[in-house]
Structure formats: structure tokens, C-alpha cells
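Shown next, in C-alpha cells, is the structure this report addresses.
2 protein chains.
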Amino acid sequence: MMSGTERPRLTVARSPRPRYTAPMDRRLQEAAKANEGWALGLLKGFCRIPSVSAQRRGIREASDFLVMAFRDLGLRVRRVRCGGNPAVIAESPPVPGGRSILFYNHYDVQPPDPLDEWSSPPFDPAIRGGRLFARGAADDKGDFVARVAAVHAYRKAGIPLPVQVKFFVEGEEEIGSPTLESVARRLSRWLQADLCIWESASRSDDGRPHIELGCKGILHGELVCRGAKTDLHSSRGVIVPSPLWRLVWALASIKGRDERIAIRGFRDRLRPVTAAERALAASFRPDAGGAAKRLGIGRFLLGLSGARLAERLFFEPAVNLNGLSGGYQGPGSKTVLPREARAKFDIRLVPDLEPAEIARLLRRHLDRHGFRDVRLEDLHGYPAARTAPDHPFVRLAAEAGTEAFGRPALIQPTMAGSGPMHVFARRMPCIGIGVGFGGSRIHAPDESIHVADLHRGTRHVLGVIERLARHGRNP
Amino acid sequence: MMSGTERPRLTVARSPRPRYTAPMDRRLQEAAKANEGWALGLLKGFCRIPSVSAQRRGIREASDFLVMAFRDLGLRVRRVRCGGNPAVIAESPPVPGGRSILFYNHYDVQPPDPLDEWSSPPFDPAIRGGRLFARGAADDKGDFVARVAAVHAYRKAGIPLPVQVKFFVEGEEEIGSPTLESVARRLSRWLQADLCIWESASRSDDGRPHIELGCKGILHGELVCRGAKTDLHSSRGVIVPSPLWRLVWALASIKGRDERIAIRGFRDRLRPVTAAERALAASFRPDAGGAAKRLGIGRFLLGLSGARLAERLFFEPAVNLNGLSGGYQGPGSKTVLPREARAKFDIRLVPDLEPAEIARLLRRHLDRHGFRDVRLEDLHGYPAARTAPDHPFVRLAAEAGTEAFGRPALIQPTMAGSGPMHVFARRMPCIGIGVGFGGSRIHAPDESIHVADLHRGTRHVLGVIERLARHGRNP
Chain L
1 MMSGTERPRL
11 TVARSPRPRY
21 TAPMDRRLQE
31 AAKANEGWAL
41 GLLKGFCRIP
51 SVSAQRRGIR
61 EASDFLVMAF
71 RDLGLRVRRV
81 RCGGNPAVIA
91 ESPPVPGGRS
101 ILFYNHYDVQ
111 PPDPLDEWSS
121 PPFDPAIRGG
131 RLFARGAADD
141 KGDFVARVAA
151 VHAYRKAGIP
161 LPVQVKFFVE
171 GEEEIGSPTL
181 ESVARRLSRW
191 LQADLCIWES
201 ASRSDDGRPH
211 IELGCKGILH
221 GELVCRGAKT
231 DLHSSRGVIV
241 PSPLWRLVWA
251 LASIKGRDER
261 IAIRGFRDRL
271 RPVTAAERAL
281 AASFRPDAGG
291 AAKRLGIGRF
301 LLGLSGARLA
311 ERLFFEPAVN
321 LNGLSGGYQG
331 PGSKTVLPRE
341 ARAKFDIRLV
351 PDLEPAEIAR
361 LLRRHLDRHG
371 FRDVRLEDLH
381 GYPAARTAPD
391 HPFVRLAAEA
401 GTEAFGRPAL
411 IQPTMAGSGP
421 MHVFARRMPC
431 IGIGVGFGGS
441 RIHAPDESIH
451 VADLHRGTRH
461 VLGVIERLAR
471 HGRNP
Chain F
1 MMSGTERPRL
11 TVARSPRPRY
21 TAPMDRRLQE
31 AAKANEGWAL
41 GLLKGFCRIP
51 SVSAQRRGIR
61 EASDFLVMAF
71 RDLGLRVRRV
81 RCGGNPAVIA
91 ESPPVPGGRS
101 ILFYNHYDVQ
111 PPDPLDEWSS
121 PPFDPAIRGG
131 RLFARGAADD
141 KGDFVARVAA
151 VHAYRKAGIP
161 LPVQVKFFVE
171 GEEEIGSPTL
181 ESVARRLSRW
191 LQADLCIWES
201 ASRSDDGRPH
211 IELGCKGILH
221 GELVCRGAKT
231 DLHSSRGVIV
241 PSPLWRLVWA
251 LASIKGRDER
261 IAIRGFRDRL
271 RPVTAAERAL
281 AASFRPDAGG
291 AAKRLGIGRF
301 LLGLSGARLA
311 ERLFFEPAVN
321 LNGLSGGYQG
331 PGSKTVLPRE
341 ARAKFDIRLV
351 PDLEPAEIAR
361 LLRRHLDRHG
371 FRDVRLEDLH
381 GYPAARTAPD
391 HPFVRLAAEA
401 GTEAFGRPAL
411 IQPTMAGSGP
421 MHVFARRMPC
431 IGIGVGFGGS
441 RIHAPDESIH
451 VADLHRGTRH
461 VLGVIERLAR
471 HGRNP
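Chains as they are written, first to last, in our numbering: chain L, 1 to 475; chain F, 1 to 475.
Printed below as a string of C-alpha cells:
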């Protein structure tokens with residue numbers, strides 16, 4: 001997911017009251033239990049594939065792996081591509097008079113660097129202290145395997161699937177899903193389902209599963225400054241414009257030390273947060289001091305804590321710098337006036353910030369502030385999406401989570417991170433559940449999950465399927 | 001040298017009137033001519049050694065090469081070291097009642113990167129269109145070989161050296177000469193001479209040799225910002241401080257878009273430029289439009305041209321960014337909140353800006369502006385130095401240059417670049433002459449010199465030695 005871990009640790013405030021309670025079929029429970037070793041093996045095999053979309057590695061291998069896994073489940077499988085990395089889709093037969101559920105996942109992962117900060121190689125899964133360490137373990141090969149393991153449990157238990165399941169696994173999520181809209185257009189009819197289970201949610205430190213009802217949108221890009229046509233000796237810096245200084249000034253014009261985004265028109269477009277959403281945020285009570293300490297920072301931005309911190313995390317847009325580069329970065333010093341400087345950035349979008357509109361506002365901002373020479377490159381992204389907290393399926397997913405994890409689920413109005421949920425959310429309610437935890441370090445070195453959460457996550461998916469089947473019969 | 005090429009092209013305004021005119025001994029001229037092939041071969045051999053001090057490469061090999069070359073000249077040679085790369089020193093016997101001349105050079109060179117921008121490998125010297133391309137060809141192995149070739153001509157012609165020559169060749173100039181002061185203290189008596197010939201000056205496009213009377217000082221360092229103790233997912237950027245943003249804001253506080261250095265106290269310490277220095281600067285008439293076009297920039301900073309541009313180049317300090325780094329710099333995008341950001345910088349110092357004092361002012365500036373968390377690392381440097389334009393040896397060097405290059409020499413009050421001249425300038429007058437040209441691209445890919453300038457430079461050195469001998473006899 002393009003969401004995040006290392007989130008502030010969360011403690012309990014309120015919890016949903018269960019409604020669709022009913023014990024899971026014993027055979028199903030036993031089959032899931034018996035399958036745990038198989039599921040872990042599948043996950044390790046999947047994590048061994050370095051499917052880094054940004055670096056165009058392991059894409060074919062990963063999609064082949066999926067085709068194989070889906071055939072093994074007895075599903076009908078297809079590869080669909082619209083110019084980018086293929087999406088792999090699979091489905092079970094429709095259940096007459098029954099519901100359908102669509103699982104969204106992605107098989108691509110983030111680049112593993114910096115490599116020297118991994119305790120074990122990122123693509124050689126290792127188990128230490130009950131945790132599985134590998135790039136993709138949490139984001140989101142673990143989530144995917146929990147879904148496959150749930151479907152596999154029916155097969156193993158000899159119980160027919162009570163709902164139709166559909167898998168949509170794309171290979172470009174970590175690079176902003178550039179061809180997802182085209183793929184979705186082509187699959188428009190196939191994509192219909194009653195409920196979409198999204199990737200990504202993780203549990204809090206005290207074991208409460210999170211149910212996520214949305215994703216932020218995102219705009220990726222690079223600011224590029226050029227100076228003289230070659231690198232020069234830095235003694236020229238007194239008379240020749242420096243692209244590094246231009247970049248610094250352009251960036252400083254976008255966001256100041258008060259953390260306010262200075263792009264004119266940006267904040268006017270923010271949709272007000274609803275009371276229901278704010279109430280959900282209020283149920284999060286981040287242990288700001290403890291979390292800041294674990295992160296090695298003095299305090300969170302603007303000194304926020306408690307519900308105000310949770311609100312900022314869920315509801316505020318952000319302009320993030322992902323990478324700065326330009327000039328000499330080797331050992332020692334080099335007195336060079338470099339010819340180019342770059343800043344990779346992402347802007348986290350909330351409803352109703354449309355990426356194309358934000359890109360336009362950013363360009364206008366730069367022009368207005370005297371930075372016509374600063375180029376915007378590689379702009380791409382998608383808008384935010386949210387499912388209404390009062391949708392009946394929200395309670396359904398929360399109940400299943402409460403049962404699977406043995407602790408009351410917490411409903412998050414949105415992820416802090418981004419995902420192309422909007423493509424799905426305009427067709428059906430989307431609900432994020434997952435197998436990560438607060439320390440999963442997704443996108444970072446030593447990404448990991450607790451192996452036990454993989455199995456809890458499998459039971460969570462089973463619970464959702466079971467409840468959806470009953471819900472179908474008794475609407 | 002830590003000075004620069006790609007300087008604005010210069011045209012003639014005034015020229016010094018020759019005084020110590022006297023034809024050079026014919027045997028000497030013929031020996032120098034006969035030696036040209038030998039000198040070029042020596043330079044190619046020297047340039048083949050990748051003596052990059054910043055990367056600790058080729059240091060032993062280069063100092064061995066020098067020892068060999070000096071022995072071949074019949075000089076007494078020693079290696080001197082005070083913890084850093086050794087300096088290689090050599091000398092001829094004193095001339096009773098005669099003068100002495102000290103040649104300053106360095107055998108280290110700048111890192112050759114970016115390698116893919118070289119037309120031929122940087123350490124495999126290549127001759128194209130009468131030019132020798134190699135890292136170090138101009139800065140400053142070419143200057144050094146011109147001096148060796150001059151001394152060699154006396155040997156070849158069977159004429160005793162009319163002055164004592166001393167060579168001081170250090171191996172740390174390109175990393176800021178960190179142990180030069182200690183070496184100089186140890187060699188305090190040896191370092192006495194009547195005149196020091198500095199590395200580095202080059203000729204203008206119309207063939208006029210430059211005589212440089214000073215060097216700027218320099219303060220190198222890095223600004224380092226740290227955030228959380230590991231890289232995080234960038235969705236956390238809305239609540240976790242970003243070291244990349246901190247770096248941007250800290251840098252923007254140091255210098256604004258108006259190019260004014262905002263460090264309090266910085267400008268108070270500038271020594272006023274003398275009338276004589278300003279007059280020399282006024283004799284430079286940079287072709288600002290043409291030079292800017294060749295560099296691929298619209299115009300020079302602040303739109304300057306003419307004498308104002310030359311004055312800024314010679315007399316203004318500068319804060320330069322040499323490299324920015326932090327986060328993901330690979331292909332595509334990575335939504336990471338990096339844990340560290342760095343900016344390598346150099347500050348070009350004019351008299352009387354002392355590096356230690358400037359470092360203190362910079363630290364105080366950061367503290368005052370709320371950047372106590374921003375660290376200053378790897379600070380080192382040295383002050384500026386200037387020789388008075390009215391010293392009689394200045395005219396001597398200019399005359400010799402006029403004769404050697406066949407065009408009137410131009411006297412530059414200082415280099416725009418830096419060098420540890422202050423160590424020498426407090427003991428004797430220092431005068432910079434050299435074999436580079438306006439397009440030598442020192443510190444950059446495709447560094448080169450015109451081979452003919454190597455030989456003109458040799459004659460320039462011969463002329464200085466001859467004149468100094470006569471000057472000695474007729475003070």
C-alpha cells in the first residue's frame with residue numbers, strides 16, 4: 001500500500017457493537033489452521049520475487065507466480081494490461097442469489113534501498129522472533145496471502161465458497177498506478193461486486209485490528225532546476241546561477257517552516273471533514289510522546305498529540321520531499337557548481353483535491369514566484385477516496401476483525417497513505433483490512449509482519465466472507 | 001588549483017609597460033624547444049595517475065612519480081608529511097649572492113565524475129585538435145610540468161641555474177590542504193625564497209596570459225539534518241519532521257533569492273578593496289553576453305556585465321552549494337520520508353574573512369534562526385591571500401608572460417578560486433601563472449589545455465627565472 005506504518009501507537013477509546021455474530025464453521029476453522037504452514041510458505045515464495053515496479057524488476061516473475069497461485073485455487077485467471085505492468089485477475093463462479101466480494105492487492109513493492117540498513121537481505125525472507133522480514137511482507141504480499149489462504153480453506157474443508165470472490169492484483173501500485181484507470185475501464189463489468197476488500201490496514205500495538213475506510217490521493221513529481229550546461233568550478237558560483245540554490249528557494253516558497261502549504265488555492269479546495277469522520281478520528285488516542293521517542297524525534301510536527309494528531313494524520317494534505325539530489329555526493333569535498341538539481345516529491349491529497357488541478361496550482365505558484373525556469377517532471381497521481389462510516393458493511397468488517405483478533409476493531413476514517421481506491425470506491429464500498437502492525441516499517445528497511453497476524457488476517461477474511469454470505473441471505 | 005576556468009572571456013583594456021627586457025639565451029630557447037616532446041610525454045605520464053585526494057587514490061604513485069622526476073632534474077628531493085598526504089619538496093643548490101624562487105604546485109586532482117560526460121577517459125590522456133584532455137591537465141599537472149621543463153632546459157643547454165629553485169608539491173590541495181600549515185611549520189626555514197610562483201593562471205581567449213596576485217580563501221563543510229532514526233513511509237510526513245524540509249529552510253535562511261548572504265556579521269568583516277585592485281579589475285571587460293551564451297545560461301547573476309561583473313568575480317565572497325543529497329534518487333518514485341539530508345557547501349572567502357570566524361558566524365546564524373538541530377560537519381578551510389599589485393616582481397612576471405605568449409599580460413588582483421596561498425604569501429610575494437585557458441573546464445568533465453600553451457608556459461617560467469637572476473644582480 002502507499003499507506004504507512006510507523007504510525008503513532010494507538011490505544012482504545014470506543015468500539016463498534018457486534019451485530020452479525022455467528023460461529024464460523026468448525027471444518028473451515030480447522031482447515032485454516034491446518035493451512036498455516038502452507039500459507040507462510042506461499043508468502044515466503046512470493047516475497048522472494050524482487051518485484052520492484054520503480055526499477056522494472058521481477059514483474060513477469062511475480063505475475064507468473066500469481067497465475068500459478070490462482071490456478072491452484074481453482075479460479076479462472078487472466079492477465080490484463082493496458083501498456084503498463086499487467087494486472088492479474090481471477091474469480092470463482094458466481095453464487096446464484098449470493099453476494100460477491102472483490103479483493104484488491106498489488107504484487108509490486110517499493111525499492112529495497114538503503115540495502116545496508118536491512119538486518120537480512122530484503123528478498124530473502126527471514127523469520128526472527130516470530131516475525132517475517134522481507135520487502136513486501138506487510139505491503140502487501142502478506143495481505144494478499146491471507147486472502148488466498150481464506151479461499152484455500154474452503155477448498156481444503158470441502159465447503160463451497162458461499163460468495164463469489166474476485167481478485168484484482170495490479171503491478172503498478174507503488175509507482176502510482178499509471179494504467180489502472182485504463183485497465184479498470186476495460187474491466188468495467190468484471191469489476192462489479194458488493195464489497196471491495198482493500199489492502200493495507202494493520203493492527204495497533206495492543207492487538208486491535210484497524211478497519212480503514214479510505215485512502216489519501218497522491219501527486220508525484222520532480223522539481224528540476226538546470227544551470228549552466230555543464231558542471232563548473234564553484235568559484236563561478238559568485239556570478240553563475242546555481243540550480244541547487246534555485247531548487248532550495250523554489251521549495252522554500254512552497255512550504256515554510258510553519259508547515260503551511262503556500263500554494264495559492266490549495267486549501268480552498270479542501271472538503272470539510274464530516275462529524276462522523278471526526279468522531280472516528282477522536283477514537284484514536286495516539287501515545288504521541290512514546291511514539292515520538294520510538295521514532296527518535298523530539299515531538300510530532302507542531303507539537304501535536306492526542307486526537308489533534310490523529311486528525312492531522314487522517315485529514316490534512318501534505319507536501320513531502322522524497323529525495324534531493326544534485327552535484328557531488330561522494331566522500332570529502334568537491335568544489336563544483338553542479339549543472340542540475342532535483343527534488344522528488346509527493347503531495348498527499350484529501351477529498352476534493354484533484355491531482356491535475358493541484359499540478360496546475362503548483363505550476364502557477366512557481367510561475368508567480370519567479371520560478372518559471374523550474375521544471376515539473378514526471379507528474380502523476382490519483383485522487384483520494386472514502387467510504388462512509390455508516391455503511392452496513394463497515395460494521396460487518398469490524399465484527400469479523402474483532403472476532404479474528406480477539407480485540408475490538410478500530411475504524412479509521414481513512415489511511416494516512418494513498419492508494420488508487422477511487423477507481424473501486426465509485427463502484428462499491430471499499431474497506432481496508434490487513435496483516436501489518438505498527439512497527440511493520442513498510443517502504444523502509446526491515447519491513448516485517450508478525451507471522452501470527454498472517455493467520456489472524458486469514459481468519460478476518462474468512463469472517464468477512466461468512467458474514468457477507470449471511471448478509472446476502474438476510475439483507 | 002581551487003580556482004576556476006569557464007571564466008567569462010576577457011578582452012584587452014590596458015597592459016603593463018615592460019621594463020626588464022633582455023633577450024633570452026639562445027641555447028636555452030633551443031633546449032626548451034628541443035624538450036617539447038619530452039615535456040608533453042612527462043605530462044601525459046603524470047596525468048595517467050588518478051591522484052584523487054578526496055577518494056584517497058593514486059597518492060603514493062603520484063608522489064613516487066615526483067621523486068623520480070626531481071631526481072632526473074638533479075635536485076635534492078624529500079617527502080614531508082604531517083599526518084596527511086606527503087608533500088614532495090626538491091631544491092637546487094643555492095646560488096651565491098643570487099636569488100631564490102619557490103614553485104608551488106599540487107599533485108592531487110579533483111574526482112573525475114560524472115564519468116559519462118567525458119569524451120575520453122579522464123585518466124587516459126588524449127590529444128584532439130591540439131588539446132590534451134585529462135583530469136589534471138590544467139589543474140595543475142600542466143603548470144607543474146612547465147616548471148620542470150624550464151629547469152630541464154638549463155640542464156639540457158648546459159647552463160647553470162642562475163637562481164636557486166625550490167619545488168613544493170603538496171597532495172591535499174583539492175581537499176582543502178588540511179595539513180599544509182603543519183608541513184609549512186616544519187619546513188619554516190626551507191620555505192624562504194624571494195618569490196613564489198603559484199599554480200593556476202590561464203590565458204584569455206585572445207592569448208593574453210594572466211598574472212594572478214591572490215587567491216580567495218575557502219570554508220568547506222556540510223549541513224546535516226536528521227529526522228526519525230529510520231526512513232519512514234512518506235504518509236508520515238504530515239506529522240513527522242522531515243530532514244529534507246529542514247535542510248531546505250536552513251539553506252534558504254542563509255542566502256535568499258537576491259543572492260545576499262544573510263549571515264549576520266559576515267559583510268562587516270570584508271576588507272575594503274583598494275583603488276589599485278579596483279583599477280586592475282577595471283582592466284577586465286568580460287564579454288558577458290557571449291560568455292553566458294557559451295555557458296548555456298541566460299545571463300550572469302544579478303544581470304551583471306563589464307567591470308561590475310569582474311569586480312564581483314574577484315572581490316565578492318560566495319556561499320556555494322556543491323551537492324544536495326537525501327532520500328531516494330533512483331528511477332521512478334519512492335514515497336519515502338528519509339531520515340537524513342545533507343548539503344555540501346563551500347564559502348569563498350575574501351580578505352579578511354577568517355574561516356574559523358565564518359564557521360562561528362554560520363553556527364550562530366543557524367542557532368538564531370531556530371536551526372540548532374542542523375549540524376555542521378567536516379568544516380575546514382583557509383583564508384584568502386593577496387600580493388600587492390605594486391610589488392616590483394609583479395611587473396617582472398607580467399613582462400615574462402608578455403614575451404612568452406606574444407601578447408600583453410593582464411594582471412588579475414586575485415583568482416576567483418581558492419588556494420592555500422596565505423601560507424606562502426606571509427613569507428614572500430606570490431604570483432600565479434599557468435598554462436590553462438578559458439575553456440579548460442577544470443574540476444569538470446573534459447578538462448584540457450592547449451599543448452602549445454604548455455610550451456608557452458615553459459618559456460614564461462624561463463623568462464621569470466632569467467629576469468629574477470638579472471633583478472638579483474641589479475636590485
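The beta carbon of each residue, even a glycine, is placed where N, CA and C say it ideally should be.
Nothing here was measured: the structure is a model prediction, and the numbers come from that model.
Task: Length of the line joining the Cα atoms of F:F405 and F:S448 - done: Spanning the alpha carbons of F:F405 and F:S448 requires a straight line of approximately 18 Å.
- [ ] Quick one: list the residues of chain F neighbouring L:T414, beta-carbon separation under 8 Å, in chain order.
- [x] Neighbours of L:T414 on chain F: none; closest Cβ ~10 Å, over 8 Å.
Open item on the list: Using C-beta distances below 6 Å, list every residue in its chain close to L:R407, excluding the 5 sequence neighbours before and after it, in chain order.
Closed with: G207 and R208
TODO: May I ask you to report which of helix, strand or coil DSSP gives L:A343?
DONE: The answer is strand: DSSP assigns L:A343 an E or B state.
TODO: Pick out whichever of F:A62, F:Y382, F:L379 and F:G330 has its Cα sitting closest to the Cα of F:D108.
DONE: F:A62
Task: Nearest-angstrom Cα separation, counted from F:C47 out to F:A137 - done: 6 Å
Task: Residue nearest to L:K500 in terms of C-alpha spacing, selected from L:R131, L:P241, L:G457 and L:G417 - done: Nothing can be reported for residue 500 of chain L: it is not among the residues displayed for chain L, which extend from 1 to 475.
Task: F:K44: first and last residue of the uninterrupted alpha helix (DSSP H) it sits in - done: Note, F:K44: alpha helix (DSSP H), E36 to C47.
- [ ] Would you list, in chain order, the members of the region 205-223 of chain F that have their beta-carbon closer than 9 Å to a beta-carbon of chain L?
- [x] K216, I218, H220, G221 and E222
Task: Test: L:R236 CB closer than 9 Å to a CB of chain F - done: yes
Open item on the list: Following a CB-centred definition, is F:I442 positioned closer than 8 Å to any heavy atom of the ligand FMN?
Closed with: The ligand FMN is not part of this structure, which contains no ligands at all.
TODO: List the residues of chain L that F:A62 touches, going by C-beta distances under 7 Å, in chain order.
DONE: Those within 7 Å of F:A62 in chain L number zero; the least Cβ separation is about 17 Å.
Task: Through-space distance from F:G327 to L:V324, alpha-carbon basis - done: Correcting the residue identity first, residue 324 of chain L is Leu in this sequence and not Val. Whole-angstrom Cα-Cα distance: 6 Å.
Open item on the list: For F:I211, list the residues DSSP reports as bridge partners.
Closed with: F:I411
Open item on the list: Can you tell me whether L:M428 is buried or exposed? The criterion is at least 16 other CB atoms within 10 Å of its CB, across all chains shown.
Closed with: buried
Open item on the list: Check whether the region 142-162 of chain L and the region 456-468 of chain L touch, using three or more Cβ-Cβ pairs below 8 Å as the test.
Closed with: By the C-beta criterion, the region 142-162 of chain L is judged to be in contact with the region 456-468 of chain L, since at least 3 inter-stretch pairs fall below 8 Å.
Task: is_contact[L:F300, chain F] using C-beta, thresh 9 Å - done: yes
- [ ] Consult DSSP for F:V183 and reduce its assignment to one of helix, strand or coil.
- [x] helix
- [ ] Could you tell me which residues DSSP puts in a beta bridge with F:Q164?
- [x] Answer is F:S100.
Open item on the list: Just to confirm, is the Cβ distance from F:L75 to F:E466 under 9 Å?
Closed with: no
TODO: Express the C-alpha separation of L:H220 and L:G187 in angstroms, rounding to a whole number.
DONE: Note on residue identity: the sequence assigns Leu, not Gly, to residue 187 of chain L. When rounded, the distance between both Cα atoms is 26 Å.
Task: Neighbour-count burial assignment, F:N474, 16 or more Cβ in a 10 Å radius - done: The predicted position of F:N474 is uncertain, since its pLDDT is 46 and thus under 50; no value can be drawn from it.
Task: Whole-angstrom distance between L:P178 and L:L379, CA atom to CA atom - done: 10 Å
- [ ] On the DSSP bridge assignment, give the partners of L:R106 in chain order.
- [x] Note that residue 106 of chain L corresponds to His in the displayed sequence, not to Arg. Its beta-bridge partners are L:E170.
- [ ] Rank L:L73, L:N35 and L:H369 by C-alpha distance to the C-alpha of F:D258 and give the top, closest one.
- [x] L:H369
Open item on the list: Beta carbons nearer than 8 Å to chain L: which residues of the region 249-278 of chain F have them?
Closed with: For the region 249-278 of chain F, which is checked against every Cβ of chain L, the residues closer than 8 Å are W249, L251, A252, K255, G256 and R257.
Task: Contacting residues, own chain, Cβ-Cβ under 8 Å from L:A425 (five flanking each side not counted) - done: C196, G214, A385, R386 and T387
Open item on the list: Please report the distance separating the alpha-carbon of F:A292 from that of L:R299.
Closed with: 48 Å
Task: Neighbourhood of F:V374 by C-beta distance below 6 Å, restricted to the same chain and skipping five residues each side - done: Answer for F:V374: L223, C225, A250 and L366, listed in chain order.
Open item on the list: Quick check: the Cα distance between L:S119 and L:P445, rounded to an integer number of angstroms?
Closed with: 8 Å
- [ ] Using a threshold of 9 Å, state whether the C-beta atoms of F:A184 and F:S100 are closer than that.
- [x] no
Task: Residues near L:F144 by beta carbon distance below 6 Å, same chain, minus five either side - done: Same-chain partners within the cutoff: N105.
- [ ] Report yes or no: do the region 110-126 of chain F and the region 43-60 of chain F share at least 3 C-beta pairs separated by less than 8 Å?
- [x] By the C-beta criterion, the region 110-126 of chain F is judged to be in contact with the region 43-60 of chain F, since at least 3 inter-stretch pairs fall below 8 Å.
- [ ] Enumerate, from N- to C-terminal direction, the unbroken beta strand (DSSP E) stretches of 3 or more residues contained entirely within the region 273-343 of chain F.
- [x] 318-327
Task: CB contact check: F:N322 to chain L, cutoff 9 Å - done: yes
Open item on the list: Quick check on F:A69: buried or exposed, where buried means 16 or more other Cβ atoms within 10 Å of its Cβ?
Closed with: F:A69 should be labelled buried.
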